[in-house]
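Down below is the structure, laid out as structure tokens.
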Amino acid sequence: MRCYSLGRLLPGLVMAFLGPSHGYGQDRCANCHGWRKPVMEQRQLAAPHEGVRLTHGGDVGLWCFDCHHSQTPSMLKGPGGQSVPLDQAGQQCRVCHGRQDRDWQFGVHGKRLSCSLCHDPHQPRFAPLTPSPPPARPRGMP
Amino acid sequence: MSGVVSRRQLLQGAAVTTAAAASTAAAATLPQSWGDALDSLLQSHFRQMSSEEVQQALRRIEREVQRRYQVSVHCQATAAQPGVVFGYALNLSRCVGARRCVEACVRENNCPEDGHTQYIRVVSQDRDNRTLEGADHYFQPRQVPEQGRWYLPVQCQQCADPPCVQACPVQATWREPDGVVVIDYDWCIGCRYCAVACPYWARRFNWQQPELTADQINPELHYLGNRPRSAGVMEKCTFCIQRTRQGKLPACQEACPSGARVFGNLLDEQGELRYILTHKTVFRLKEDLATHPSFWYFTDP
């Protein structure tokens, strides 16, 4: 059962009150996470992060602070626990995805773009696609 | 030039004299399309044309496209760059069978959108199937990738020893120095021997005039590439010669939503292709036929 305590609803209400200028973004995480204590155990995410569906890691079951830095909001956790800016996420992806990173360095993993331009970091597997129509059968063929 | 005048040269000379006489007599009254039709008829093989003749042919093609589709286009005949042999590698672990490459190819290469002329054929196979038997290229599920299936896009493999070239009785198709097997559509007689010879089912024949509308025309044309074809000629993938010889990537490579396609120069030792060939498990389609394709398939471990 989901619990709608004030503590859970408050950030959402505050966000709704402050408007989009205080929404997501590199320098805005600290609006809330500058004073809120990080919750290290896994739980259902509430507002304003209710839209985040975390499937990254599959059965391993990753949690926010496996990738996000718990002490410095708006930063990612680097390979040695140091903070890494969001736009250098690749440094952090390669901690687990070394093989893909090596391919990417040589330009043979997908396109020459940074990881998160193609992969949603929270759901890195691509969503299924509707295929384009098949070729026409030769004329006269049933 | 030998002293013996060939039948072609004799006829050409006679026709040009007649045409010259006719054109001086009625230059003001005869429509330009007549002259273009005559030029097209008397045009030499692409590889035997002088650079002026090539330029004349390009301008003629531009006029013909303009007349037929009311679109102004630019036709080029950029030659192969020295030190370049194009190659392709496709990651089968990544391909999801979405046919976005097919769609982009049709648009780029001025193919009709009726689905009868598609250079790329994406084949769907059962997970346990390692042969082409039972391969289905008409698959149409609601969503891809499907559970337990894998996908194999097949297009012209640009063989180093192409059987299609050997089969052509008039040498209308040949392998360019950069490894691309091309067709001179004005020289092709439409016998379709090449289509029979190709083990990859990569050649498409225009049984009728391709139906294109003005807004479907890609105005950047190449003589050996995507210029609009007419009924009765063969056509095929040219690795997007109109793009790749300008330093761009093929349309299928750019369109791939999963980044499965890698295109590059095989002679570039630091290039992506050489990395794949040395570090990945690669194979070529129907390798036992010794056609030596420039197209490799690879998988991730």
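Here the protein sequences come in this chain order: A and H.
Take the first sequence: its position 78, counted from the start at 1, is 78 in my numbering, and no numbers get skipped.
Adding 1000 to a residue's 1-based position in the second sequence gives its number in my numbering.
We treat Cβ as the ideally placed atom computed from N, Cα and C, and that holds for glycine.
Once the 5 residues before and after residue i are set aside, which same chain residues still bring their CB inside 6 Å of it?
| i | result |
| --- | --- |
| Ile-1189(H) | Val-1170 |
| Glu-1176(H) | Ala-1080, Val-1182 |
| Pro-1031(H) | none |
| Gln-1253(H) | Arg-1261, Phe-1263 |
| Asp-1288(H) | none |
| Gln-1055(H) | none |
| Val-95(A) | Pro-79 |
| Arg-137(A) | none |
I believe residue i touches residue j by the beta-carbon criterion, under 8 Å. Please report the beta-carbon distance rounded to the nearest angstrom.
| i | j | result |
| --- | --- | --- |
| Val-1182(H) | Leu-1224(H) | 4 Å |
| Gly-1259(H) | Gly-110(A) | 3 Å |
| Gly-1232(H) | Val-1085(H) | Not a contact, Cβ separation roughly 31 Å. |
| Ala-1214(H) | Cys-1194(H) | That pair is no contact at about 31 Å. |
| Glu-1235(H) | Arg-1204(H) | 5 Å |
| Gln-1043(H) | Ala-1057(H) | 6 Å |
| Glu-1103(H) | Ala-1290(H) | Not a contact, Cβ separation roughly 33 Å. |
| Asp-1036(H) | Glu-1064(H) | 6 Å |
| His-1318(H) | Pro-135(A) | There is no way to answer for residue 1318(H), as the model of chain H reaches only from 1001 to 1301. |
Excluding sequence positions up to five away, which residues of its chain have a Cβ less than 7 Å from the Cβ of residue i?
| i | result |
| --- | --- |
| Ala-1025(H) | Note that Ala-1025(H) scores a pLDDT of 49, beneath 50, so its modelled location is shaky; the value from the coordinates is reported in the next line. Nothing listed; no residue qualifies. |
| Cys-115(A) | Ala-89, Gly-90, Cys-93 |
| Asp-103(A) | His-109 |
| Cys-3(A) | Residue placement at Cys-3(A) is poorly supported in this model, since its pLDDT is 46, which falls under 50; the coordinates still yield a value, given next. Result list for Cys-3(A): empty, nothing under 7 Å. |
| Gln-1209(H) | Ser-1230, Ala-1231 |
| Pro-1141(H) | none |
Flag this pair as yes or no: are the beta carbons of residue i and residue j separated by less than 8 Å?
| i | j | result |
| --- | --- | --- |
| Pro-1145(H) | Leu-1212(H) | no |
| Leu-76(A) | Gln-92(A) | yes |
| Gln-1118(H) | Thr-130(A) | no |
| Trp-1296(H) | Ala-1077(H) | no |
| Gln-1158(H) | Phe-1283(H) | no |
| Cys-1156(H) | Cys-1237(H) | yes |
| Tyr-1275(H) | Arg-1229(H) | no |
| Asp-1161(H) | His-1045(H) | no |
| Asn-1218(H) | Arg-1060(H) | no |
| Gly-1115(H) | Ser-1294(H) | no |
| Gly-58(A) | Gln-42(A) | no |
| Gln-1242(H) | Glu-1272(H) | no |
| Pro-73(A) | Gly-34(A) | yes |
| Asn-975(H) | Asn-1265(H) | Past the boundaries of the shown model lies residue 975(H); chain H is included only from 1001 to 1301, so the question cannot be answered. |
| Ala-1251(H) | Cys-1105(H) | yes |
| Cys-1187(H) | Ala-1172(H) | Checking the sequence shown, residue 1187(H) turns out to be Trp, not Cys. Going by C-beta atoms, Trp-1187(H) is nearer than 8 Å to Ala-1172(H). |
Please return the same chain residues whose Cβ sits closer than 8 Å to the Cβ of residue i, not counting the five positions on each side in sequence.
| i | result |
| --- | --- |
| Val-1154(H) | Ile-1120, Arg-1121, Val-1122, Val-1123, Tyr-1200, Trp-1201, Ala-1202, Leu-1285 |
| His-122(A) | Val-52, Arg-53, Leu-54, Thr-55, His-56 |
| Arg-1127(H) | Gly-1148, Arg-1149, Trp-1150 |
| Thr-1299(H) | Asn-1091, Leu-1092, Ser-1093, Lys-1280, Thr-1281 |
| Asp-1268(H) | Arg-1274 |
| Leu-45(A) | Val-52, Leu-54 |
| Ser-1072(H) | Glu-1062, Gln-1066, Pro-1219 |
Positions along the stretch 106-136 of chain A whose CB lies within less than 8 Å of some CB in chain H: Taking 8 Å as the Cβ-Cβ cut-off, the stretch 106-136 of chain A approaches chain H at Phe-106, Gly-107, Val-108, His-109, Gly-110, Lys-111, Cys-118, Phe-126, Pro-128, Leu-129, Thr-130, Pro-131, Ser-132, Pro-133, Pro-134, Pro-135, Ala-136, given in chain order.
Interface residues of the stretch 1256-1285 of chain H facing chain A [CB-CB below 7 Å]: Taking a C-beta cut-off of 7 Å against chain A, the contacting residues of the stretch 1256-1285 of chain H are Pro-1257, Ser-1258, Gly-1259, Val-1262, Glu-1272, Tyr-1275, Ile-1276, listed in chain order.
Meets three-Cβ-pair contact criterion under 8 Å: the stretch 1122-1132 of chain H and the stretch 1097-1106 of chain H: As far as the Cβ criterion goes, the stretch 1122-1132 of chain H touches the stretch 1097-1106 of chain H, which means the pair count is three or higher.
Positions along the stretch 1087-1120 of chain H whose CB lies within less than 7 Å of some CB in chain A: Taking 7 Å as the cut-off between beta carbons, the residues of the stretch 1087-1120 of chain H near chain A are Val-1096, Gly-1097, Ala-1098, Arg-1099, Arg-1100, Val-1102, Glu-1103, Asp-1114, Gly-1115, His-1116, Gln-1118, in sequence order.
Interfacial residues, the stretch 1134-1167 of chain H to chain A, with Cβ spacing under 8 Å: Result list: His-1137, Tyr-1138, Phe-1139, Gln-1140, Pro-1141, Arg-1142, Gln-1143, Val-1144, Pro-1145.
contact_flag[the stretch 36-47 of chain A, the stretch 61-71 of chain A] where n(CB pairs < 8 Å) is 3 or more: Output reads yes: the stretch 61-71 of chain A touches the stretch 36-47 of chain A.
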